Amino acid sequence: MKKLVLFIALLPLVSSCVSKKKFAEAQAKLVELEKSRDEALAKIKSDAADCDKRVGDLRADLQSKDNDLNAKTKQVKDLTDQVDYLKKTNTNLLDRLSDLSVVSKSGAESIKKSLDALNDQSKYIQNLNSSIQRKDSINLALVMSLKRSLADVNDDDVTVEVKKGVVYISISDKMLFRSGSSEINAKAEAVLEKVAKVVNDHKELDILVEGHTDSVPISTECVKDNWDLSAKRATSVVRLLQSKFSVAPERMTAGGRSEYSPKENNDNSAGRKLNRRTEIIVTPKLDQFFQLLTNGK
Numbered sequence: 001m002k003k004l005v006l007f008i009a010l011l012p013l014v015s016s017c018v019s020k021k022k023f024a025e026a027q028a029k030l031v032e033l034e035k036s037r038d039e040a041l042a043k044i045k046s047d048a049a050d051c052d053k054r055v056g057d058l059r060a061d062l063q064s065k066d067n068d069l070n071a072k073t074k075q076v077k078d079l080t081d082q083v084d085y086l087k088k089t090n091t092n093l094l095d096r097l098s099d100l101s102v103v104s105k106s107g108a109e110s111i112k113k114s115l116d117a118l119n120d121q122s123k124y125i126q127n128l129n130s131s132i133q134r135k136d137s138i139n140l141a142l143v144m145s146l147k148r149s150l151a152d153v154n155d156d157d158v159t160v161e162v163k164k165g166v167v168y169i170s171i172s173d174k175m176l177f178r179s180g181s182s183e184i185n186a187k188a189e190a191v192l193e194k195v196a197k198v199v200n201d202h203k204e205l206d207i208l209v210e211g212h213t214d215s216v217p218i219s220t221e222c223v224k225d226n227w228d229l230s231a232k233r234a235t236s237v238v239r240l241l242q243s244k245f246s247v248a249p250e251r252m253t254a255g256g257r258s259e260y261s262p263k264e265n266n267d268n269s270a271g272r273k274l275n276r277r278t279e280i281i282v283t284p285k286l287d288q289f290f291q292l293l294t295n296g297k
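Sequential numbering of the sequence shown, starting at 1, is according to full-length UniProt numbering.
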């Protein structure tokens, strides 16, 4: 009987201990869940910030392309106005010719030559206008393809832009090479593969690869100076594009610019960092360009 009474008396204490233990476990679980929630929210905010930045960059790029398009549209209008003027002049000359009652044979021949020259000039302007529009369309498509392909690459390492009517792909030296070396690293091969896929879709264009250095002198067993380093780096890129990614060698040219074509001032580390780069320049085929100019003479 005494044992029964003792058991009944201890029962509430045992129950209380079990409840406190469960409460403590629940509290710990709650803390863990709150921590997971906070980490998830932080990642979502970070991802959202990255997305906002990319949207901003794309909007700025779109505005730039829109400005370029407006400038080219004005250029097209000016050329069209010139063609209209030439046609009007041609018509006026024909009218005057028909009104002349007596025209010497030599005078008529001279007028005919002038008219033929005007017609040739008009055709040349029209062809040039068509070539400009086609080139601008190709450049725009090329830039958009490259930016989509390189969207996951840090903007500080790779930039794509149109300058002087051609597309420039600028890749930092830290992305491509070790300091003072012309050997391409594995990370850079992935970037060059993406570039190769895009340029292989535009076989009507040529590729000029230029190596650039800063003004800090270099001299090692393998590299004589910055001229040597810039040329070897450009050659390494061309050789990889040909051997590994099947870019036709007859489309490519490699050249070293040493320290003599800087983007920024070499007097500070930030400027020197930007100057150490390799540029892949996608250009129209020069033989076609010169043929167009020759036909206009």
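Using N, Cα and C, we set each Cβ at its ideal position, and we do this for glycine too.
Values in this document were obtained by computation on a predicted structure and should not be read as measured data.
How about residue i and residue j: do their beta carbons lie closer than 8 angstroms?
i      : j      : result
VAL195 : LEU146 : yes
VAL158 : LEU142 : no
LEU229 : VAL223 : yes
ARG251 : PHE177 : no
GLU189 : LEU240 : yes
SER236 : SER182 : yes
VAL199 : VAL76  : no
On the DSSP bridge list, what partners appear for residue i?
i      : result
GLY255 : GLU210
VAL143 : Partner(s): none; VAL143 has no beta bridge.
VAL237 : Per DSSP, none; premise fails for VAL237.
VAL167 : VAL162, VAL282
LEU205 : PRO284
PHE245 : None; PHE245 has no bridge partner.
For residue i, which of the options has the nearest alpha-carbon?
i      : options                        : result
SER149 : VAL191, ASN185, ASP78, LYS285  : VAL191
ALA248 : ILE207, SER36, LEU176          : ILE207
ASP156 : VAL162, VAL143, LYS203, SER170 : SER170
SER172 : ILE280, THR91, GLU250          : ILE280
LYS174 : ARG272, ALA48, GLY256          : ARG272
LEU93  : LEU33, SER246, TRP227, ASN119  : ASN119
THR89  : SER215, ALA71, ASP116          : ASP116
LEU205 : LYS285, ASP66, CYS51           : LYS285
SER179 : LYS197, ASN200, SER219         : SER219
PHE245 : ASP201, GLU39, LYS65, ALA49    : ASP201
ASN266 : VAL83, LYS77, VAL216           : VAL216
GLY211 : LYS72, ASN67, GLU259           : GLU259
MET144 : ASP57, LYS112, ALA71, PHE23    : ASP57
ASP152 : LYS164, ARG54, ALA49           : ARG54
SER64  : ALA49, LYS163, VAL209          : LYS163
Using the beta-carbon count (16 or more within 10 Å), is residue i buried or exposed?
i           : result
ASN154      : exposed
ASN275      : buried
VAL14       : Residue confidence is low: VAL14 scores 47 on pLDDT, short of 50, so the model does not pin down where it sits. Its coordinate-derived value is still stated next. By the neighbour-count rule (16 or more Cβ atoms within 10 Å), VAL14 is not buried but exposed.
VAL160      : buried
ARG59       : exposed
THR213      : buried
ARG96       : exposed
LYS20       : exposed
LEU293      : Caution applies to LEU293, whose pLDDT of 47 falls short of 50 and renders its modelled position unreliable; the model cannot decide the point.
GLY256      : buried
PHE289      : Residue confidence is low: PHE289 scores 47 on pLDDT, short of 50, so the model does not pin down where it sits. Its coordinate-derived value is still stated next. Exposed: under 16 other Cβ atoms inside 10 Å.
LYS43       : exposed
THR278      : buried
SER261      : exposed
residue 331 : Outside the modelled stretch of the chain, which goes from 1 to 297, sits residue 331, for which no answer is possible.
ALA254      : buried
Would you say residue i reaches chain E, if we count a Cβ-Cβ gap shorter than 8 angstroms as a contact?
i      : result
PRO262 : The chain labelled as chain E is not found in the depicted structure, where only one protein chain is given.
The alpha helix (DSSP H) that contains residue i, what's its start and end?
i      : result
GLU189 : 186 to 200
ARG272 : 269 to 275
ASP173 : 173 to 176
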